[in-house]
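Participant: Input: one structure, supplied below.
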Amino acid sequence: MNDAGANRVGANRTRTHVPTRHFRIGVVPISLTTPIRPLMDEYASLYRAYARADAGSSAIRLEVSRSPLSLRRRRRYRVAANGRLQFEPSRFEEVLPYVEWTLNWHVPNLLPDCLQFHASAVEVDGHGVILPGESGVGKSTLTAGLLAGGARYLCDEFALVDTRTALLQPYPRALCIKKAAHPVIRELGLRLHGRRRHVKSTKGTVGFLDPLSVRPNAIGRPAPVRFIIFPRYIPGADPALVPISRAEAAFSLLPTCFNLLRCARPGVDMVASLVRSAACYRLVAGDLSRTCTRVLALLRSETARSARTA
Amino acid sequence: MVRFLVFIIVVLAGSGAWVMGTLATQHDGGWQAVAGGTGLLLRLCESQTMPSASCADVVGSRWGSFDFHVGSRVVNVPTSLIGLGWFVSVAIWFTMVGRVPAWSRRLWRFVLLLSLGSVVISVLFFVAMVFVVGGWCPLCALAHALNLGIFLALVTLRRVSRSRNVRRTAGGLTDPPAVARIQRRLSAAAFGTCCLACLAMWFYFDAVSEARRQWRKVFGMNQAVAALQEDRGFVLREYYAQPAVFIPPRSASASSQTTHPVADAAQIVMFVDYDCTGCACFEGRRERVFRDAFGENLRVEIRHLPLARPQERRTDNSASTVPDLPVSQAALAAEAARLQGGDTAFMRMHRLLFEHRRDQRGRDYSRLAREAGLDVSRFLADMESDAVRRTVQEDVAVARQLGLTEAPAVFLNSRRVPDLCVNSPVFWPAVADDASDVWDRAGISAATPTFLSGLPMDDAEAGDDAEDDVPEAPAPLLSSTSVDEISDTELVGPPGERRLEPQSSPADSLLRNTLFGEHDMDPLSNTLAPDCSPVERRPIRVDTVNVHELDGEALLFDPSTGDTHRLNETALFIWSRCDGSHGVAGIASALADAYEVSEDEARDHVQRIVQDFDERGLLITDE
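So the sequences go chain by chain: A and B. Those letters in the first sequence? Residues 1 to 310, per this note's numbering, in order. Those letters in the second sequence? Residues 1001 to 1623, per this note's numbering, in order.
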């Protein structure tokens, strides 16, 4: 066997030894390659409903490995996407959150026609609801609460609005819930996925909530944006929904858009169009169940009113 | 022999602790900060004789520290800190116990095994340093050598102790049981102390790291300030950005004033407080700084700004024309000295007051008057006189008018010298050079009227002979940096802050043109040329800006910068009229009609908004 043949065989052997699995989470195709079995098992069980035989050539190729043993350097995990190293976490607990984070970075490249907001999104009776806000305002917890209250899940942390159709696209990744919110989530009767502890650098200890574990049909369909609600969690506060002007909503929504500069003018046009077609509120969120009841009541009454008008 | 060996072990352990402590402090990135050699040991790493030394590489390698998982936290513990604990423990043990008792074989074995283990670890680390990391750290090697030395000393001590014990046993002597008990207690105490010392070292390391970080921040800030103070352009710009203000002269009756023989001298007015540390510091080097910069071409007038402190302050309401102003006894003393002995006596008292600022029982003014060569009884009477008090209060009133709240406040040619510039090493020479440059460029002889009369630099030479020459006109602006440097600062400032006096000289006009860009100013008449009245501006918005009207408000997106702006209703009203066909007055008039506000209010509003648009690059510039 010549040298080229030997290389090919070696390459094939490497490829066959490192397991790869494919997923399609909403509109985002992913292939994950990792020799770390616990990670693969955890990811596969978290996204078992989205497993595919092949993710296609446009998929985001995630590779997680460990750095080689060295006497000179500490051993680390290496998270790469499309062949480029992104993160080198030192602990296994950090790997899954970093994989999710890596995905966040690559979705804008994959979906150039989508405006991406730092927001959660749910669908209620065919109407899309965006919950934009910075980290820590309570988006994920509120989304989990709405999900438990009957809303259908579209996305967490990363809301995708197709600029061609102006529809909210589902990207149903597992909800990332901070440790402080775990008791509230349990009170709602929801169960976090697995028992393993995950550590996210900015959020501390987090747990993942599989939306399909809430109910089988928990994932929503593409929906037009009808409500934009800016939540703000204030411990012990009475839940309140305050209507805001469209200009204020647009001005608050723009900073949450990840790819505004890339979209530039069409992006701003789309944001203006979204706030024109939606009812905009600020939400003071206190007790989760009361807040969710309040929000769902508003959404349903507005939905019913618009249906009557139509 | 035994004591000598114990002493050797303590010395070796202490040296090892010093080396390890030095290494431990370098783990938070401090290596680069001290490169260049502060500290005796660290210079080993920078030594020219060891060009291959790479202490930073070794300390930063994977063998330089170890991660310990504490809950969800990972604590990174430097290897040198562990070594520090070991050396400190050995030092404490042999300082407190002295030696391991010869009759306790188990204890000896334990100690020797511990030491042997540390030597093995030292060898492993040494091999890792040389062959794995591929670096060479003299400090680490020194620490390993010291550890080996301790082991050898321990072995020797064991032998010596055993032979002594054998001799004593053979001679029928045994250690008394009481001594043995004491040794055990001491051993336990030493062990406990070692543990506590290790724990304390741990916390100390954390504290030192934090303190070092904080120090670096402060040090960086100090360096930044020092860099600014050494930037000639910056300090000049800061100085010339200050508005020229009118400092009312003292009334002729209030004090004796002198005029310096050189008419074009720069003029400095200093407001000082005799209890202020900053004033005392500045006073210590004032004369040298001013003399180096200006030579004899300077007049200094010292005025009083007693800051409100409880001691030595009192308010006078009796016969003063300026009631309710605080005066200080020190300021009264200075003015009383002037009243009796003129400016020479004033300066003598001025220095004495600063020198005796921190007298434990307060200043003894009688003694100060004697030292200044004054008639004490007259001096004390003058201190209580209305004239003296009025002089000080006038100074305080002027200081209040000028908005001064802290001392020293230094004015050079009517401009306040910012505090950053007062202590700058380059400012005074720079401003003096700059002044002479501008005078040369202007080609004007220095026959400028001045309003300040004050003290010459050398009071002994000036004496009291020139009196009562108090011109009324304010000082001219003396100098400038380049036009570009100044105009950026000045043009944005509110014009009303510049209190330029009507009787300014041609030099004043020319320099003012240079400073403020008022190029249409007629240098002779000092008035605006008639054909230079400003033309009303008609603002034009940039057409690439994307505008979305949303319920009476608007969202603006500037694609060139990526900035978004939100306009409220009135701002949108103005924006919609920024089309080049409406002037500011027209827009203001329309705004006044639409929103039922006064014309003046509307004009202010429009001007502010248009300026705001301008600053954000939303309007087409005049070019």
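Every residue gets a Cβ at the ideal spot worked out from N, C-alpha and C, and that includes glycine. As the structure is a prediction and not an experimental result, all values here were calculated from the model.
Distance check for residue 1385 (chain B) and residue 1288 (chain B), CA to CA, integer angstroms please.
Facilitator: By 1-based counting over the second sequence, the position of residue 1288 (chain B) is 288. By 1-based counting over the second sequence, the position of residue 1385 (chain B) is 385. Just so you know, the alpha carbons of residue 1288 (chain B) and residue 1385 (chain B) end up roughly 34 angstroms apart.
Participant: Mind checking residue 157 (chain A): buried by the 16 CB within 10 Å criterion, or exposed?
Facilitator: For the purposes of this step, residue 157 (chain A) is identified with residue 157 of the first sequence, where counting begins at 1. So residue 157 (chain A) ends up on the buried side.
Participant: Would residue 1554 (chain B) count as contacting chain A if we go by Cβ distances under 8 angstroms?
Facilitator: Residue numbering aside, residue 1554 (chain B) sits at position 554 when the second sequence is read from its first letter. Residue 1554 (chain B) counts as touching chain A.
Participant: Apply the 10 Å Cβ neighbour rule to residue 204 (chain A) and answer buried if 16 or more other Cβ atoms are within range, or exposed otherwise.
Facilitator: In the first sequence, the residue the question calls residue 204 (chain A) occupies position 204. Its Cβ having fewer than 16 others within 10 Å, residue 204 (chain A) is exposed.
Participant: Interface residues of chain B around residue 264 (chain A) at Cβ under 7 angstroms?
Facilitator: For the purposes of this step, residue 264 (chain A) is identified with residue 264 of the first sequence, where counting begins at 1. 1559, listed in chain order.
Participant: So if I threshold CB-CB distances at 9 angstroms, which residues from the stretch 1105 to 1126 of chain B count as touching chain A?
Facilitator: So nothing in the stretch comes that close.
Participant: Residue 1592 (chain B): which of B:1056, B:1573 and B:1235 sits nearest, CA to CA?
Facilitator: Along the second sequence, read from residue 1 onward, the residue named residue 1592 (chain B) stands at position 592. Of the listed residues, the one whose Cα sits closest to residue 1592 (chain B) is B:1573.
Participant: Chain A beta carbons: is any one of them nearer than 8 angstroms to that of residue 1546 (chain B)?
Facilitator: Translated into the one-based positions of the second sequence, residue 1546 (chain B) becomes position 546. So yes, residue 1546 (chain B) belongs to the interface.
Participant: Taking Cβ positions only, does residue 1059 (chain B) come closer than 8 angstroms to chain A?
Facilitator: As a working note, residue 1059 (chain B) is residue 59 in the second sequence. Answer no: the Cβ-Cβ gap between residue 1059 (chain B) and chain A never drops below 8 angstroms.
Participant: What does DSSP give as the partner residues of residue 1579 (chain B) in its beta bridges?
Facilitator: Residue numbering aside, residue 1579 (chain B) sits at position 579 when the second sequence is read from its first letter. Paired residue(s): B:1540.
Participant: Using a C-beta to C-beta distance shorter than 7 angstroms, which residues of chain A count as neighbours of residue 1551 (chain B)?
Facilitator: Position 551 of the second sequence, counted from the start, is the residue given in the question as residue 1551 (chain B). In chain order, 245, 246 and 247 make up the part of chain A whose C-beta sits under 7 angstroms from the C-beta of residue 1551 (chain B).
Participant: Cβ of residue 1566 (chain B) less than 8 angstroms from any chain A Cβ?
Facilitator: Numbered from 1 along the second sequence, position 566 holds the residue referred to as residue 1566 (chain B). With 8 angstroms as the cut-off, residue 1566 (chain B) counts as an interface residue toward chain A.
Participant: Given a threshold of 16 other Cβ atoms within 10 Å of its Cβ, counted over all protein chains shown, does residue 1001 (chain B) qualify as buried or as exposed?
Facilitator: Against the second sequence, residue 1001 (chain B) aligns to sequence position 1. When all chains shown are included, residue 1001 (chain B) counts as exposed.
Participant: Given that residue 74 (chain A) touches chain C, what residues does it touch there, using C-beta distances under 8 angstroms?
Facilitator: The structure shown contains no chain C; the protein chains it does contain are A and B.
Participant: Please check if any C-beta of chain B sits within less than 8 angstroms of the C-beta of residue 71 (chain A).
Facilitator: Taking the first residue of the first sequence as position 1, residue 71 (chain A) is located at position 71. At least one chain B Cβ lies under 8 angstroms of residue 71 (chain A).
Participant: Got a sec? Which residues, its chain only, sit under 8 angstroms from residue 1425 (chain B) by beta carbon, not counting five neighbours each side?
Facilitator: Walking along the second sequence from the start, residue 1425 (chain B) turns up at place 425. Cβ neighbours of residue 1425 (chain B) beyond the five flanking positions: 1229 and 1230.
Participant: Closer than 8 angstroms, CB to CB, is residue 268 (chain A) near chain B or not?
Facilitator: In the first sequence, residue 268 (chain A) corresponds to position 268, counting from 1. By this cut-off, residue 268 (chain A) is an interface position.
Participant: Do the CB positions of residue 1410 (chain B) and residue 1247 (chain B) come within less than 8 angstroms of each other?
Facilitator: For the purposes of this step, residue 1410 (chain B) is taken as the residue at position 410 of the second sequence. For the purposes of this step, residue 1247 (chain B) is taken as the residue at position 247 of the second sequence. Going by C-beta atoms, residue 1410 (chain B) is not nearer than 8 angstroms to residue 1247 (chain B).
Participant: Does the count of Cβ pairs from the stretch 208 to 215 of chain A and the stretch 251 to 270 of chain A closer than 8 angstroms reach three?
Facilitator: Counting C-beta pairs with one atom in each stretch, the stretch 208 to 215 of chain A and the stretch 251 to 270 of chain A have fewer than three that are closer than 8 angstroms, which means they do not touch.
Participant: Going along chain A, which residues have a C-beta under 7 angstroms from residue 1085 (chain B)?
Facilitator: Position 85 of the second sequence holds residue 1085 (chain B). Here the premise fails: no neighbours, minimum Cβ distance about 22 angstroms.
Participant: Could you spell out where the beta strand (DSSP E) holding residue 1558 (chain B) opens and where it closes?
Facilitator: For the purposes of this step, residue 1558 (chain B) is taken as the residue at position 558 of the second sequence. Its beta strand (DSSP E) spans residues 1553 to 1558.
Participant: To the nearest angstrom, report how far apart residue 149 (chain A) and residue 189 (chain A) are at their CA atoms.
Facilitator: If you number the first sequence from 1, residue 149 (chain A) lands on position 149. If you number the first sequence from 1, residue 189 (chain A) lands on position 189. Residue 149 (chain A) and residue 189 (chain A): Cα-Cα distance of roughly 11 angstroms.
Participant: Specify whether the stretch 160 to 179 of chain A and the stretch 53 to 64 of chain A touch according to this definition: at least 3 beta carbon pairs, one from each stretch, less than 8 angstroms apart.
Facilitator: no
Participant: Please report how far the alpha carbon of residue 1 (chain A) lies from the alpha carbon of residue 35 (chain A), in whole angstroms.
Facilitator: Residue mapping note: residue 1 (chain A) aligns to position 1 of the first sequence, counting from 1. Residue mapping note: residue 35 (chain A) aligns to position 35 of the first sequence, counting from 1. Low per-residue confidence applies at residue 1 (chain A): pLDDT is 36, beneath 50, and the placement is therefore not dependable, though the value from the model is reported in the following sentence. CA-CA distance, residue 1 (chain A) to residue 35 (chain A), rounds to 28 angstroms.
Participant: Does any C-beta atom of chain B lie closer than 8 angstroms to the C-beta of residue 276 (chain A)?
Facilitator: Locating residue 276 (chain A) in the first sequence gives position 276, counting from the first residue. With 8 angstroms as the cut-off, residue 276 (chain A) counts as an interface residue toward chain B.
Participant: Let me see if you follow: with CB-CB separation under 8 angstroms, is residue 251 (chain A) close to chain B or not?
Facilitator: Sequence index remark: in the first sequence, residue 251 (chain A) carries index 251 (1-based). For residue 251 (chain A), the answer is yes, since a Cβ of chain B falls inside 8 angstroms of its Cβ.
Participant: Exposed or buried, residue 68 (chain A), counting other C-beta atoms within 10 Å across all chains shown (16 or more means buried)?
Facilitator: Walking along the first sequence from the start, residue 68 (chain A) turns up at place 68. By the 10 Å Cβ count, residue 68 (chain A) comes out exposed.
Participant: Which residues does DSSP list as the beta-bridge partners of residue 1118 (chain B)?
Facilitator: Position 118 of the second sequence, counting from 1, holds the residue named residue 1118 (chain B). For residue 1118 (chain B), which the question treats as bridged, DSSP gives no partner whatsoever.
Participant: Beta-carbon within less than 8 angstroms of residue 286 (chain A)'s beta-carbon, same chain only, minus the 5 sequence neighbours each way: which residues are those?
Facilitator: Counting from 1 along the first sequence, the entry for residue 286 (chain A) is found at position 286. In chain order, 233, 234, 235, 236, 237, 238 and 239 place their CB closer than 8 angstroms to the CB of residue 286 (chain A), counting only its own chain and leaving out the 5 sequence neighbours on each side.
Participant: Kindly indicate which residue of A:47, A:197, A:244 and A:96 has the alpha-carbon position closest to the one of residue 28 (chain A).
Facilitator: The residue given as residue 28 (chain A) occupies position 28 in the first sequence. Residue 28 (chain A) has its Cα closest to that of A:47, out of A:47, A:197, A:244 and A:96.
Participant: What residues of chain A sit near residue 1562 (chain B), judged by a beta carbon separation below 9 angstroms?
Facilitator: One-based indexing of the second sequence puts residue 1562 (chain B) at position 562. Under the 9 angstroms cutoff, chain A gives 260, 261 and 264.
Participant: Say whether chain A places a C-beta atom closer than 8 angstroms to the C-beta of residue 1031 (chain B).
Facilitator: As a working mapping, residue 1031 (chain B) is identified with position 31 in the second sequence. Low per-residue confidence applies at residue 1031 (chain B): pLDDT is 42, beneath 50, and the placement is therefore not dependable enough to give any value.
Participant: Quick one: what does DSSP say residue 1138 (chain B) is sitting in, helix, strand or coil?
Facilitator: Translated into the one-based positions of the second sequence, residue 1138 (chain B) becomes position 138. Three-state result, residue 1138 (chain B): helix.
Participant: Based on the DSSP output, what are the partners of residue 29 (chain A) in its beta bridges?
Facilitator: Taking the first sequence and counting its residues from 1, one reaches residue 29 (chain A) at position 29. Answer by DSSP bridge pairing, in chain order: A:24.
Participant: Check the Cβ of residue 254 (chain A) against every Cβ in chain B and list those closer than 7 angstroms, keeping chain order.
Facilitator: Working through the first sequence from its first residue, we reach residue 254 (chain A) at position 254. Those are 1564, listed as they occur along chain B.
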